[in-house]
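Worksheet: one structure, shown below.
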Amino acid sequence: MDTRPGITIIGSGFAGLGMAIKLKEAGYHDFVILEKAGELGGTWRDNTYPGCACDVPSHMYSFSYELNPGWSRMFSPQAEIRDYLRSCAVRYGLEPHLRFGREVVGLEYDDAARDWRVSLAGGERFTTNAVISAIGALHVPSLPDIPGRETFTGPSFHSAGWDHSADLTGRRVAVVGTGASAVQFVPRLARQASRLHLFQRTPPWIQPKPDFAFSPRARRLLALPGAARALRTSIYWALETRALGFAVDPRLMRVHEASARRHLAAQVPDPELRARLTPDYTIGCKRILISNDYYPALTRDNVEVITDGVREIRESSIVDARGRETEVDAIVYGTGFKVTDALNEQRIVGRDGRKIQEAWQGGVEAYYGITTTGFPNLFFLLGPNTGLGHNSVVFMIEAQVRYVLDCLRLLSRTGARALDVRPEAQRAYNDRLRARLERLVWSEGGCRSWYLDEHGVNRTIWPGFTFEYWARTRRPVHAAFELIR
Ligand SMILES: Cc1cc2nc3c(=O)[nH]c(=O)nc-3n(C[C@H](O)[C@H](O)[C@H](O)COP(=O)(O)OP(=O)(O)OC[C@H]3O[C@@H](n4cnc5c(N)ncnc54)[C@H](O)[C@@H]3O)c2cc1C
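Under the working numbering, the first residue of the sequence shown is numbered -11, with each subsequent residue one higher.
Okay, structure coming up:
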């Protein structure tokens, strides 16, 4: 390991790679990208379940400066996105900076040296001036706390760690969870399994997916100057209109609800099943999903939707809340990720020996989701309240990368060694954010989702248009920072 890199990026997903590309472009070459896995790609390396694809159109779900006219579909599959990230790493010369198999287990700020001490699994330690945490918001799988889960003897795994050695063909499979991943893999699994028992706690709202393959001719056209850019721009604005419902007035969500209801009615003729699949909360309160084949899969003869909840798991069966026992050969958990708790469980010690858990006693928060007071030169990408339910997070990542670069330039210009956001700036920003969130669909929509922390506070989603975030983070307000010399 390099003895003393100036900048350390943790993670090699869209965020870590995007940061590295722009660092290099700005003339910063003294950095490393630490990745705990054996290869890059983050989300798009780990999620290999059948049917895995993005749910924001590929021409928008990619870097704005690295358009790809060759995307095979409107919503490209996982392997294609992973390959896109790999090709970015090669094209932008990131390989010499990547260090695989390096898991960061601790960060400690040295008040005297004004540097960070980075500890890796295995005991290695080194110092660095700035740390950019790009560890991913949807990275740590969340498994449900169901009694007996460990006693199950057949294959059982989370969708983010799909066990491809388990052949589920002709087997009786239980799926627990009906979130964004399950909606993608359930249709495939339903065709493969002899029986599929889908345990649903809360039904998602689902809209049609405007997916199609680009013909070779369409791809040739998209390679013409300006064509892919024009498509991206039109997708961006089409997706931004979806923010109207939460950024302006939740009542505007009714348009989306009507479209989702029509989709359900068209695809599920059985009124009893339809009733079980109809959410009882305002659309948008949980992530709105898109699929054309999920509902049809649930109408198959070999598929059963169970809404009674799981009470217990036994060696070869699942018992629902009404006591009905179902024999199964395998269990797949589509139960999502640890979001705020994954951020909060990190071992980070800032100024004056203060742990991040102390700083975040009242809840996880940061200034524009990027810096948090008491932790100088520590930058988060896709940190608190910068996730999205309506557009591509790559857009948010790019805004944050530009902001971090401006902060680093400020240090170079002023000769300061570190910068720390002032507590009053962070307080004022978060007060405004909370006041705004209180009135919106996530708090008022009548659901519980991973957007909310254990106190029911939204610590994950940016509550507005993305162009607003872009404009607000366009230039760091220097007065908001203390410069440490
Ligand atoms: C199945 C799925 C589909 C999605 N589809 C979309 C979509 O269509 N549109 C959209 O906007 N968003 C989507 N998302 C959200 C997605 O996570 C983000 O779009 C994006 O990929 C996040 O990139 P990232 O670099 O922040 O994090 P990640 O891709 O999660 O990368 C984080 C990296 O950090 C590494 N890491 C973590 N901790 C450490 C450590 N301590 N030390 C060293 N390395 C570490 C991880 O191994 C990983 O490689 C999807 C998420 C999932 C799970």
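Each residue gets a CB set at the ideal place from its N, CA and C atoms; glycine is no exception.
Contact check, residue i vs residue j, beta carbons under 9 Å
| i | j | result |
| --- | --- | --- |
| Ala14 | Asn365 | no |
| Val128 | Ser107 | no |
| Ser0 | Leu28 | yes |
| Leu240 | Leu232 | yes |
| Gly350 | Pro372 | no |
| Phe173 | Met62 | no |
| Glu470 | Asp408 | yes |
| Val163 | Leu184 | yes |
| Pro191 | Pro267 | yes |
| Val392 | Ile(-2) | no |
| Gly124 | Gly214 | no |
| Glu245 | Thr229 | no |
| Tyr16 | Leu396 | yes |
| Ala181 | Gly158 | yes |
Nearest to residue i (by Cα), restricted to the options the options
| i | options | result |
| --- | --- | --- |
| Gly297 | Arg342, Gly158, Ile271, Phe187 | Phe187 |
| Ile69 | Leu396, Arg262, Arg183, Ala41 | Ala41 |
| Ala387 | Leu370, Ser400, Glu96, Arg61 | Leu370 |
| Thr361 | Tyr97, His185, Gly444 | Tyr97 |
| Asn379 | Phe455, Leu177, Ala248, Gln195 | Phe455 |
| Ile278 | His443, Pro213, Asp43, Ser304 | Asp43 |
| Tyr417 | Ser203, Tyr457, Val243, Ile306 | Tyr457 |
| Gly338 | Ile21, Tyr16, Asp103 | Asp103 |
| Glu315 | Thr141, Leu73, Cys76 | Thr141 |
| Ile472 | Arg422, Gly158, Phe363 | Phe363 |
| Ile(-5) | Glu300, Arg460, Arg405, Leu131 | Arg405 |
| Leu156 | Leu177, Gly136, Ala148, Arg137 | Leu177 |
| Leu131 | Tyr439, Asn332, Trp59, Phe325 | Phe325 |
| Arg189 | Ile344, Arg205, Gly167 | Gly167 |
| Tyr53 | Tyr80, Phe19, Ala109, Arg179 | Tyr80 |
| Pro143 | Ala318, Gly403, Thr461 | Ala318 |
| His466 | Gly444, Val445, Ala413, Glu426 | Ala413 |
| Gly111 | Ala101, Leu126, Gly94 | Gly94 |
| Glu300 | Ala309, Glu292, Val293 | Ala309 |
| Gly444 | Pro198, Ser169, Lys274 | Lys274 |
| Pro238 | Ile134, Arg424, Ser60, Arg208 | Arg424 |
Residues of its chain near residue i, where Cβ-Cβ distance is below 6 Å and the 5 sequence neighbours each way are ignored
| i | result |
| --- | --- |
| Phe145 | Asp151 |
| Phe88 | Glu23, Gly26 |
| Ser222 | none |
| Thr374 | Gly357, Met384, Trp450 |
| Thr139 | Glu303 |
| Arg220 | His47, Met48 |
| Ile21 | Ile(-3), Ser0, Gly4, Ala8, His85, Leu86 |
Residue i Cβ short of 8 Å to ligand 1 heavy atom set
| i | result |
| --- | --- |
| Ala33 | Checking the sequence shown, residue 33 turns out to be Arg, not Ala. Checking every heavy atom of ligand 1 against the Cβ of Arg33, one is found closer than 8 Å. |
| Gly(-1) | yes |
| Ala226 | no |
| Glu91 | yes |
| Cys76 | no |
| Val20 | no |
| Tyr49 | yes |
| Leu370 | yes |
| Glu260 | no |
| His127 | yes |
| Ala354 | no |
| Glu54 | no |
| Asp329 | no |
| Leu82 | no |
Cβ neighbours of residue i in the same chain (closer than 7 Å, five flanking residues each side left out)
| i | result |
| --- | --- |
| Gln66 | Trp32, Asn35, Thr36, Cys40, Ala41 |
| Val382 | Phe2, Tyr49, Ser50, Phe51 |
| Thr328 | Val352, Asp441, Arg447, Thr448 |
Residues near residue i in its chain [Cβ-Cβ closer than 8 Å; skip 5 each side]
| i | result |
| --- | --- |
| Val527 | Not covered by the structure: residue 527. The range shown for the chain is -11 to 473. |
| Ala216 | His47, Leu55, Asn56, Pro57, Leu210 |
| Asp99 | Arg339, Asp340 |
| Arg113 | Arg105, Val106, Ser107 |
| Ile194 | Val171, Ala248, His251, Leu252, Ile276, Leu277, Ile278, Ser279, Tyr282, Tyr283 |
| Arg(-8) | Phe114, Thr115, Thr116 |
| Pro175 | Gly39, Ser279, Asp281, Tyr282, Pro284, Ala285 |
Span of the beta strand (DSSP E), counted from its first residue to its last, around residue i
| i | result |
| --- | --- |
| Tyr321 | 318 to 321 |
| Thr314 | 313 to 315 |
| Leu471 | 469 to 472 |
Endpoints, the alpha helix (DSSP H) within which residue i is located
| i | result |
| --- | --- |
| Tyr97 | From DSSP, Tyr97 is part of no alpha helix (DSSP H) but of the beta strand (DSSP E) over 92 to 98. |
| Leu86 | Not the alpha helix (DSSP H): Leu86 falls in the beta strand (DSSP E), residues 86 to 88. |
| Trp150 | Per DSSP, Trp150 belongs to no alpha helix (DSSP H) and is neither H nor E. |
| Trp32 | 31 to 34 |
| Ile69 | 66 to 79 |
| Glu260 | 259 to 264 |
| Leu227 | 215 to 228 |
| Arg176 | 168 to 180 |
Closer than 9 Å to chain C by CB, residue i
| i | result |
| --- | --- |
| Tyr97 | Chain labels in this structure do not include chain C; a single protein chain is all it has. |
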